[in-house]
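Colleague: Numbering (full-length UniProt numbering), first residue to last: 1 to 287.
Virtual Cβ for every residue (Gly too), placed ideally from N, Cα, C.
Please read these numbers as outputs of a predicted model, since none were measured by experiment.
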């Protein structure tokens with residue numbers, strides 16, 4: 001079988017890793033954690049990772065799949081986005097050959113057993129990646145805000161690249177020069193569903209720091225509530241129409257959201273299948 005390898009970029013939001021990791025650990029062959037050796041973000045700000053983080057990694061890594069990769073990922077004369085892309089390419093080289101997947105710590109693939117079967121079906125593409133380079137794109141389910149009794153989220157078929165057999169990115173995880181294949185793999189992204197303090201840290205350190213007025217957008221996000229969220233459309237801070245509207249799912253934690261979303265998605269698929277069966281029956285009945 002082809003090797004499935006996953007890489008994470010570890011920074012100030014390191015605690016989110018464990019939710020993501022438990023969804024895929026059993027189905028991948030190796031996990032790489034890229035951590036700046038000086039504990040510096042792409043904006044040049046310091047962060048701290050306590051020793052308890054590594055102790056927890058050792059406890060859950062029962063099959064010894066996890067590798068720590070430390071290097072200098074902050075270059076002062078590069079923009080945050082350039083540092084982001086540089087680190088991802090360095091991590092790709094470290095991961096070697098096979099299906100190379102880079103997942104952010106706040107991205108949760110709730111049905112990775114299906115994903116592993118899907119990738120193994122196309123194992124032959126990894127033999128000569130320079131001849132058959134490809135990127136698989138997934139669909140983001142973006143968690144936008146946690147409110148008192150659940151989560152506001154976005155599900156507008158926003159695609160993103162995250163699996164490849166080719167060890168080179170152009171920008172972040174993208175490479176427009178090779179074939180991009182769209183899949184139905186859903187990935188829950190805990191992008192903005194964080195505390196106010198965490199959002200402030202995120203917007204001052206991430207790769208898109210310079211792409212929009214972060215303070216103005218933070219104020220808008222902060223004032224969203226269960227009573228007014230339906231009033232707003234086109235919410236993406238850079239390309240508004242990507243996030244057309246907000247939905248709500250009652251849940252008391254991120255794990256609860258993942259479980260309920262997974263159940264709801266399966267019920268929807270069953271409903272779609274039953275409608276197809278009814279349509280097929282009627283068409284044959286009236287022939």
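1) Between which two residues does the alpha helix (DSSP H) containing residue 89 stretch?
2) Nearest to residue 65 by CA position, among 40, 207, 44, 95, is which residue?
3) Starting from residue 206, follow the alpha helix (DSSP H) in both directions and report where the run begins and ends.
4) Can we say the segment 75-83 touches the segment 135-154, given the rule of at least three CB pairs closer than 8 Å?
5) Using only the alpha-carbon positions, how far apart do residue 1 and residue 68 sit?
6) Quick one: any contact between the segment 196-209 and the segment 28-48, if contact means 3 or more CB pairs under 8 Å?
7) Leaving out five residues before and five after residue 17 in sequence, what residues of the same chain have Cβ atoms less than 7 Å from its Cβ?
8) Taking the Cβ atom as the reference point for each residue, do residue 154 and residue 243 lie within a distance shorter than 8 Å?
9) Out of curiosity, what's the CA-to-CA distance linking residue 128 and residue 14?
10) Between which two residues does the beta strand (DSSP E) holding residue 30 run?
11) For residue 230, is the classification buried or exposed, using 16 other Cβ atoms within 10 angstroms of its Cβ as the cut-off for buried?
12) Residue 172 to residue 86, Cα distance in whole Å?
13) Quick one: grab the DSSP three-state call for residue 263.
14) Using 10 angstroms around the beta-carbon of residue 20, count the other beta-carbons present and answer buried if the total reaches 16, otherwise exposed.
15) Are residue 143 and residue 193 closer than 8 Å when you measure CB to CB?
16) Could you pull out every residue in the same chain whose Cβ sits closer than 7 Å to the Cβ of residue 182, ignoring the five residues on either side in sequence?
17) In this structure, does DSSP put residue 112 in helix, strand or coil?
18) Rounded to whole angstroms, what's the CA-CA distance from residue 164 to residue 184? Just pull it up for me.
19) Tell me residue 180's beta-bridge partners as DSSP assigns them.
20) From this set, 61, 254, 249, which residue's C-alpha is nearest residue 190's C-alpha?
21) Suppose you measure from the CA of residue 119 to the CA of residue 89; what does that come to, to the nearest Å?
22) Mind checking who residue 146 pairs with in its DSSP beta bridge?
23) On a CA-only basis, which of 134, 186, 122, 133 is nearest residue 156? Give me that one, please.
24) Is the beta carbon of residue 61 sitting closer than 8 Å to the one on residue 37?
25) Figure out for me which residue from 228, 214, 248, 250 has the closest Cα to the Cα of residue 236.
26) Any idea what DSSP makes of residue 99, helix, strand or coil?
27) Is there a Cβ from chain B that is less than 8 Å from the Cβ of residue 65?
Modeller: In terms of the structure at hand:
1) 80-95
2) Ranking 40, 207, 44, 95 by Cα distance to residue 65 puts 95 first.
3) Segment: none, residue 206 is in no alpha helix (DSSP H) and carries neither H nor E.
4) no
5) 24 Å
6) yes
7) 8, 10, 105
8) yes
9) Residue 128 and residue 14: Cα-Cα distance of roughly 34 Å.
10) 30-36
11) exposed
12) 8 Å
13) helix
14) buried
15) Contact: yes.
16) 137, 159
17) helix
18) Per the coordinates, the alpha-carbon of residue 164 lies some 16 Å from the alpha-carbon of residue 184.
19) 135
20) 254
21) 21 Å
22) 151
23) Answer by Cα proximity: 186.
24) Cβ distance not < 8 Å, so residue 61 and residue 37 don't count as in contact.
25) 214
26) strand
27) Included in the structure is just one protein chain, with no chain B present.
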